[in-house]
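Residue numbers (the working numbering), protein chains in the order written: chain U, 179 to 291; chain Y, 203 to 313.
So the structure is just underneath, and the comments pick up after that.
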Amino acid sequence: GDSVTQTEGQVALSEEDFLTIHCNYSASGYPTLFWYVQYPGEGPQLLFRASRDKEKGSSRGFEATYDKGTTSFHLRKASVQESDSAVYYCALRSTEGADRLTFGKGTQLIIQP
Amino acid sequence: NAGVIQTPRHKVTGKGQEATLWCEPISGHSAVFWYRQTIVQGLEFLTYFRNQAPIDDSGMPKERFSAQMPNQSHSTLKIQSTQPQDSAVYLCASSFTGGRYFGPGTRLTVL
Chain U
179 GDSVTQTEGQ VALSEEDFLT IHCNYSASGY PTLFWYVQYP GEGPQLLFRA
229 SRDKEKGSSR GFEATYDKGT TSFHLRKASV QESDSAVYYC ALRSTEGADR
279 LTFGKGTQLI IQP
Chain Y
203 NAGVIQTPRH KVTGKGQEAT LWCEPISGHS AVFWYRQTIV QGLEFLTYFR
253 NQAPIDDSGM PKERFSAQMP NQSHSTLKIQ STQPQDSAVY LCASSFTGGR
303 YFGPGTRLTV L
């Protein structure tokens with residue numbers, strides 16, 4: 179079945195550091211890939227998505243590039259801010275299945291001022 | 203646009219009691235999804251409806267859990283005979299073109 183693996187359970191950085199959160203997936207065909215962000219007391223909200231190989235998604239300074247060769251969709255940001263502290267989820271929607279999303283376990287990002 | 207509304211925001215039940223969680227999707231959205239969120243398991247898909255019809259309930263525990271969507275403006279998730287392991291945040295999401303819009307969730311605590 180489909181799966182999403184986020185390597186880091188927690189990432190702690192200082193403001194203006196460079197961020198990378200790793201996401202690898204397993205699915206047949208060309209799934210659509212997503213990054214969601216969840217702030218305390220709220221539901222996850224979509225950051226951006228990508229549906230084709232080499233397509234780059236971006237929002238609020240975050241970006242990720244769909245790489246079918248390495249089955250990856252790593253989240254990056256050049257300079258994090260304290261307000262970026264949240265939980266980040268990578269997810270996929272299979273091209274073969276119904277309209278359900280498979281989520282990774284999430285990565286908690288802690289930014290120290 | 204008020205977004206997806208979930209009530210109650212917090213619910214505490216005793217072991218063996220019933221819990222009903224409510225979701226009001228965004229007006230005009232044709233799909234409603236239920237997820238369960240725990241620290242250990244993360245976000246787990248439970249079930250979803252499209253145009254009020256149940257489409258996929260493969261994530262629902264076969265016993266004690268049921269979901270309904272009697273009209274386009276609300277869906278319910280019912281847990282009978284709640285157990286401590288049911289403690290989680292239950293998230294509802296609605297969708298029109300594929301992207302999910304999540305509600306704030308209902309935190310269920312079973313004592």
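We put the beta carbon where it would ideally sit given N, CA and C, even for glycine.
Is there a C-beta anywhere in chain U that falls below 8 Å from the one on Tyr-250 (chain Y)?
Residue 250 (chain Y) sits at position 48 when you count from the first residue of the second sequence. Output row for Tyr-250 (chain Y): interface = yes.
Quick one: residues in its chain with C-beta nearer than 6 Å to the C-beta of Glu-257 (chain U), no 5 flanking neighbours on either side, listed in chain order?
One-based indexing of the first sequence puts residue 257 (chain U) at position 79. First, the amino acid is wrong: residue 257 (chain U) is Ser here, not Glu. Excluding residues up to 5 positions away in sequence, Glu-194 lie with their Cβ nearer than 6 Å to the Cβ of Ser-257 (chain U) in the same chain.
If you follow the beta strand (DSSP E) that Asn-253 (chain Y) is in, where does it begin and where does it stop?
The residue given as residue 253 (chain Y) occupies position 51 in the second sequence. Here Asn-253 (chain Y) belongs to no beta strand (DSSP E), and DSSP marks it neither H nor E.
How would you call Val-242 (chain Y), buried or exposed, if buried means at least 16 neighbouring beta carbons within 10 angstroms?
By one-based count along the second sequence, residue 242 (chain Y) stands at place 40. Classified as exposed, Val-242 (chain Y) has fewer than 16 neighbouring CB atoms from the shown chains inside 10 Å of its CB.
Do you know how far the Cα of Pro-286 (chain Y) is from the Cα of Phe-235 (chain Y)?
Start at 1 with the first residue of the second sequence, and residue 235 (chain Y) comes out as number 33. Start at 1 with the first residue of the second sequence, and residue 286 (chain Y) comes out as number 84. The C-alpha of Phe-235 (chain Y) lies about 23 Å from the C-alpha of Pro-286 (chain Y).
I'd like to know if Gly-207 (chain U) contacts chain Y, where contact means its C-beta is closer than 8 Å to some C-beta of that chain.
Within the first sequence, residue 207 (chain U) is the residue found at index 29, counting from 1. Cβ-Cβ to chain Y under 8 Å: no for Gly-207 (chain U).
Considering only the beta carbon of each residue, do Val-215 (chain U) and Phe-281 (chain U) sit closer than 8 Å?
For the purposes of this step, residue 215 (chain U) is identified with residue 37 of the first sequence, where counting begins at 1. For the purposes of this step, residue 281 (chain U) is identified with residue 103 of the first sequence, where counting begins at 1. Their beta carbons are not under 8 Å apart, which means Val-215 (chain U) does not touch Phe-281 (chain U) by this criterion.
Relative to chain U, which residues along the segment 254-269 of chain Y have a C-beta separation below 7 Å, given in chain order?
Residues of the segment 254-269 of chain Y with a C-beta atom less than 7 Å from some C-beta of chain U are Ile-257, Asp-258, listed in chain order.
Buried versus exposed call for Ala-269 (chain U) [16 or more other C-beta atoms within 10 Å across all chains shown]:
On the first sequence, position 91 is the one that residue 269 (chain U) refers to. Counting C-beta atoms within 10 angstroms of its own C-beta, Ala-269 (chain U) has 16 or more neighbours from the protein chains shown and is therefore classed as buried.
Close-in-space but distant-in-sequence residues of the same chain around His-212 (chain Y) (CB under 6 Å, 5 per side omitted):
Here residue 212 (chain Y) is taken as the residue at index 10 of the second sequence, counted from 1. Excluding its 5 nearest sequence neighbours in each direction, His-212 (chain Y) has C-beta neighbours in its own chain below 6 Å: Arg-309, listed in chain order.
Looking at C-beta atoms only, is the number of pairs between the segment 205-225 of chain Y and the segment 266-283 of chain Y that lie closer than 8 Å three or more?
As far as the Cβ criterion goes, the segment 205-225 of chain Y touches the segment 266-283 of chain Y, which means the pair count is three or higher.
Buried/exposed call for Gly-235 (chain U), threshold 16 Cβ in 10 Å:
The residue you call residue 235 (chain U) lines up with position 57 of the first sequence. Buried, because 16 or more other Cβ atoms sit within 10 Å of the Cβ of Gly-235 (chain U).
Taking 8 Å as the cut-off, decide whether the C-beta atoms of Leu-248 (chain Y) and Tyr-237 (chain Y) are in contact.
Locating residue 248 (chain Y) in the second sequence gives position 46, where the first residue counts as 1. Locating residue 237 (chain Y) in the second sequence gives position 35, where the first residue counts as 1. Between Leu-248 (chain Y) and Tyr-237 (chain Y), the CB-CB gap stays under 8 Å.
On the DSSP bridge assignment, give the partners of Ile-207 (chain Y) in chain order.
One-based indexing of the second sequence puts residue 207 (chain Y) at position 5. The partner list for Ile-207 (chain Y) (beta bridge, DSSP) reads Y:Glu-226.
Return the residues of the segment 200-226 of chain U that lie within a Cβ-Cβ distance of less than 9 Å from chain Y, sorted by chain order.
Cβ contacts with chain Y come from Thr-210, Phe-212, Tyr-214, Gln-216, Gly-219, Glu-220, Gly-221, Pro-222, Gln-223, Leu-224.
Return yes when the Cβ of Leu-279 (chain U) is within less than 8 Å of the Cβ of Cys-201 (chain U), no when it is not.
For the purposes of this step, residue 201 (chain U) is taken as residue 23 along the first sequence, with counting starting at 1. For the purposes of this step, residue 279 (chain U) is taken as residue 101 along the first sequence, with counting starting at 1. No.
Chain Y within 8 Å of Asp-180 (chain U), Cβ atoms only
In the first sequence, residue 180 (chain U) corresponds to position 2, counting from 1. At a cut-off of 8 Å between beta carbons, Asp-180 (chain U) makes no contact with chain Y.
Cβ-based neighbour list, Phe-251 (chain Y), same chain, cut-off 6 Å, excluding 5 preceding and 5 following:
For the purposes of this step, residue 251 (chain Y) is taken as the residue at position 49 of the second sequence. Cβ neighbours of Phe-251 (chain Y) beyond the five flanking positions: Val-234, Met-271.
Within the 8 Å Cβ cut-off, does Gly-284 (chain U) reach chain Y?
Numbered from its first residue, the first sequence carries residue 284 (chain U) at position 106. It does: the Cβ of Gly-284 (chain U) has a partner Cβ on chain Y nearer than 8 Å.
Three-state class that DSSP yields for Asp-231 (chain U) in the structure shown
Taking the first sequence and counting its residues from 1, one reaches residue 231 (chain U) at position 53. Coil at Asp-231 (chain U), not helix or strand.
Whose CA, out of U:Gln-188, U:Asp-180, U:Gly-179, lies closest to the CA of Ala-264 (chain U)?
Residue mapping note: residue 264 (chain U) aligns to position 86 of the first sequence, counting from 1. For Ala-264 (chain U), the closest alpha carbon among the candidates U:Gln-188, U:Asp-180, U:Gly-179 is that of U:Gln-188.
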